[in-house]
Amino acid sequence: DVKVTQSSRYLVKRTGEKVFLECVQDMDHENMFWYRQDPGLGLRLIYFSYDVKMKEKGDIPEGYSVSREKKERFSLILESASTNQTSMYLCASSFVADFPSSTSDSSEQYFGPGTRLTVT
Amino acid sequence: LAKTTQPISMDSYEGQEVNITCSHNNIATNDYITWYQQFPSQGPRFIIQGYKTKVTNEVASLFIPADRKSSTLSLPRVSLSDTAVYYCLVGANTGNQFYFGTGTSLTVIP
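Line by line, the protein sequences are chains A and B.
The first sequence begins at 1026 in my numbering and counts up one residue at a time.
The second sequence begins at 249 in my numbering and counts up one residue at a time.
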């Protein structure tokens, strides 16, 4: 079974602190993602990485940075945490499937359990 | 970026078939259509994925018309444990072209 683990389930930080959220996957997936989830807003993509040291901005990258030094690990960094970054953070990974023919190859994303971050 | 539109919420009685439709008018040629299920305090879980026509697995069916501008997730004979949020996702497997949206909150009533 694919396993995506996140370093903490719950985290409380103070405004201005630097925060690291770690994500590790054990299936040699090329793609890794960081989302945040807020009530009424669904899941929003923060950053995406398709290879080591490669990253792409998602819909809401402001206030965040990421690091992918090894294929299995994708870190989300809040340089200076603010109260509006209080949220549930979800990490996911997937492999790169071939272009679909009549039957699609699954490119499903496997999600971790999430980290509920509170910034006070 | 292909954004999706789904109903915000739906109610259904146990044992009924539930159909949740998703609109994705700007779907691109190499986009998949994928549905996820999410229970409270958990990450989303893959249900089914398709590109065109119909796909069926052990938990759901996915119907995609020829123009691919919408899709319908069909859950046969729902039970209370199917109460969850269901997300329709359209995107290619490469690039940051993923949009989850707010999902459809399904409540199954006894």
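Where is the CB? At the ideal position from N, CA and C, for every residue including glycine.
Predicted, not measured: the structure shown is a model, and the values here were computed from it.
Asked: Cβ neighbour criterion (16 or more within 10 Å) applied to A:E1133; Found: buried
Asked: Segment contact, 8 Å Cβ cut-off, at least three pairs: the stretch 312 to 329 of chain B with the stretch 273 to 282 of chain B; Found: yes
Asked: Cβ of B:R293 within 9 Å of any chain A Cβ; Found: yes
Asked: Chain B within 9 Å of A:G1041, Cβ atoms only; Found: no
Asked: Secondary structure, beta strand (DSSP E): runs of 3+ residues fully inside the stretch 1033 to 1092 of chain A; Found: 1035 to 1038, 1044 to 1050, 1056 to 1063, 1067 to 1076, 1079 to 1082
Asked: Element boundaries [beta strand (DSSP E), containing B:K302]; Found: 301 to 304
Asked: Short Cβ contact (9 Å threshold) for A:L1070 with B:F348; Found: yes
Asked: Chain-ordered chain B contacts of A:E1133 [CB-CB under 7 Å]; Found: T282, F294, Q297
Asked: Buried or exposed (CB count within 10 angstroms, at least 16 for buried), A:V1077; Found: exposed
Asked: Cutoff 9 Å: A:A1106 Cβ touching any chain B Cβ; Found: no
Asked: Beta-carbon proximity of A:F1073 to A:G1065, cut-off 9 Å; Found: no
Asked: Partner residues on chain A for B:Q290, Cβ-Cβ distance less than 7 Å; Found: P1138
Asked: Beta-carbon proximity of B:I295 to B:T352, cut-off 9 Å; Found: no
Asked: Within-9 Å CB hit, A:T1128 to chain B; Found: Model confidence at A:T1128 stands at a pLDDT of 43, short of 50, so the residue's coordinates are unreliable; what they give is reported in the following sentence. Closer than 9 Å to some Cβ of chain B, the Cβ of A:T1128 qualifies, so yes.
Asked: Neighbour flag for A:G1088 against chain B, beta carbons, 9 Å; Found: no
Asked: CA-to-CA distance, A:K1096 to B:G298, given in whole angstroms; Found: 28 Å
Asked: Neighbourhood of A:P1138 by C-beta, 7 Å cutoff - its chain only, sequence neighbours within 5 removed; Found: Q1031, R1034
Asked: Same chain, Cβ closer than 8 Å to B:T350, neighbours up to 5 away in sequence not counted; Found: Q254, I256
Asked: DSSP state of B:S329 mapped onto helix, strand, coil; Found: helix
Asked: Straight-line gap, A:V1144 to A:V1091 (C-alpha atoms, nearest Å); Found: 19 Å
Asked: Under 9 Å by beta carbon: chain A residues contacting B:T350; Found: G1065, L1066, G1067, L1068
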